[in-house]
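Enquirer:
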Amino acid sequence: MPEIKRDVVERYRKGTLEVITDFKASPTGYPFKRLVPTDKTEVEPCRVCDLGYLRHVYEKEDGTIAYRCPAGPRNRFLASGGTEAEADGKHCLCNGLMATIGLGQIRDGQAIPPLITFGDNLSFLDALLSPDEVSYTAKQLIEYLRSGVATEVR
Numbered sequence: 007m008p009e010i011k012r013d014v015v016e017r018y019r020k021g022t023l024e025v026i027t028d029f030k031a032s033p034t035g036y037p038f039k040r041l042v043p044t045d046k047t048e049v050e051p052c053r054v055c056d057l058g059y060l061r062h063v064y065e066k067e068d069g070t071i072a073y074r075c076p077a078g079p080r081n082r083f084l085a086s087g088g089t090e091a092e093a094d095g096k097h098c099l100c101n102g103l104m105a106t107i108g109l110g111q112i113r114d115g116q117a118i119p120p121l122i123t124f125g126d127n128l129s130f131l132d133a134l135l136s137p138d139e140v141s142y143t144a145k146q147l148i149e150y151l152r153s154g155v156a157t158e159v160r
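Residue numbers for the sequence shown, in the working numbering: 7 to 160.
#1: CB Leu134 to CB Leu147, shorter than 8 Å?
#2: If you draw a straight line from the C-alpha of Asp28 to the C-alpha of Cys98, how long is it?
#3: Going straight from the alpha carbon of Ala77 to that of Cys55, what length do you get?
#4: Hey, Phe124 and Val25 are a contact pair by Cβ (cut 8 Å); roughly how many whole angstroms apart?
#5: Who are the near neighbours of Leu151 in its chain, counting only those whose CB is closer than 6 Å to its CB and skipping five residues on each side?
#6: Kindly indicate which three-state DSSP category Gln116 falls into: helix, strand or coil?
#7: Any chance you could list the beta strand (DSSP E) runs of at least 3 consecutive residues sitting entirely within the segment 42-73, in chain order?
#8: Round the Cβ separation of Lys122 and Arg40 to the nearest angstrom and send it over; I've been treating them as touching at under 8 Å.
#9: Go through its chain and collect everything with a Cβ distance to Tyr73's Cβ below 8 Å, but skip five positions before and after it.
#10: Mind checking which residues open and close the beta strand (DSSP E) that includes Thr143?
#11: Taking the DSSP output, what are the residues bridged to Asp28?
#12: Over the uninterrupted alpha helix (DSSP H) stretch that includes Asn81, give me the two end residues.
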């Protein structure tokens, strides 16, 4: 979404962009790099899990196979045999990332907030953008990557 990209570029230029490696956020257990919100308050994790892209397979007591997600509603996850430790700190990446690209859902009148993932090195923005620009195109980024300049920034 253009406003998210503009906010990221402006925060980078001001030196207020903070990226953290969150070791709990991902339901898969993989470290997830995400932006700290502008006001530095922690975003309440989305716990919907109705898209189910990162669900885990588990065996029910009757021997059948089912799915659960540690980032889904806590009571449902615990009732399916999941533990508090597995659910602690999880974010619904599926819904958060969909909101980031403008396909967020509305739940109980509230928009699911975007969950913005990013790497630590944004110096490529200096090469892509003039001082008065706050956005770039995919074409500009691909041309930059193909130019060989990107191999120098490691």
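Every residue, glycine too, gets a C-beta built ideally from N, C-alpha and C.
Predicted model only: the values in this text are computed from it and were never measured.
Expert: By the coordinates alone:
#1: Cβ atoms of Leu134 and Leu147: closer than 8 Å.
#2: A straight-line Cα-Cα distance of about 13 Å links Asp28 and Cys98.
#3: Taking the straight line joining both Cα atoms gives about 7 Å.
#4: Distance from Phe124 to Val25 at the Cβ level is roughly 5 Å; contact confirmed, criterion being Cβ atoms closer than 8 Å.
#5: There are no such residues.
#6: The answer is strand: DSSP assigns Gln116 an E or B state.
#7: Taking only runs of at least 3 residues, the beta strand (DSSP E) segments lying wholly in the segment 42-73 are 62-65.
#8: Note that residue 122 corresponds to Ile in the displayed sequence, not to Lys. Yes, Ile122 and Arg40 are in contact; Cβ-Cβ is about 6 Å, under 8 Å.
#9: Excluding sequence positions up to five before and after Tyr73, its CB lies within less than 8 Å of the CB of Gly58, Arg61, His62, Val63 and Tyr64, all in the same chain and listed in chain order.
#10: Run containing Thr143: none; DSSP gives neither H nor E here.
#11: DSSP, once it has assigned bridges, lists Phe38 as partnering Asp28.
#12: Arg80 to Ala85 is the extent of the alpha helix (DSSP H) around Asn81.
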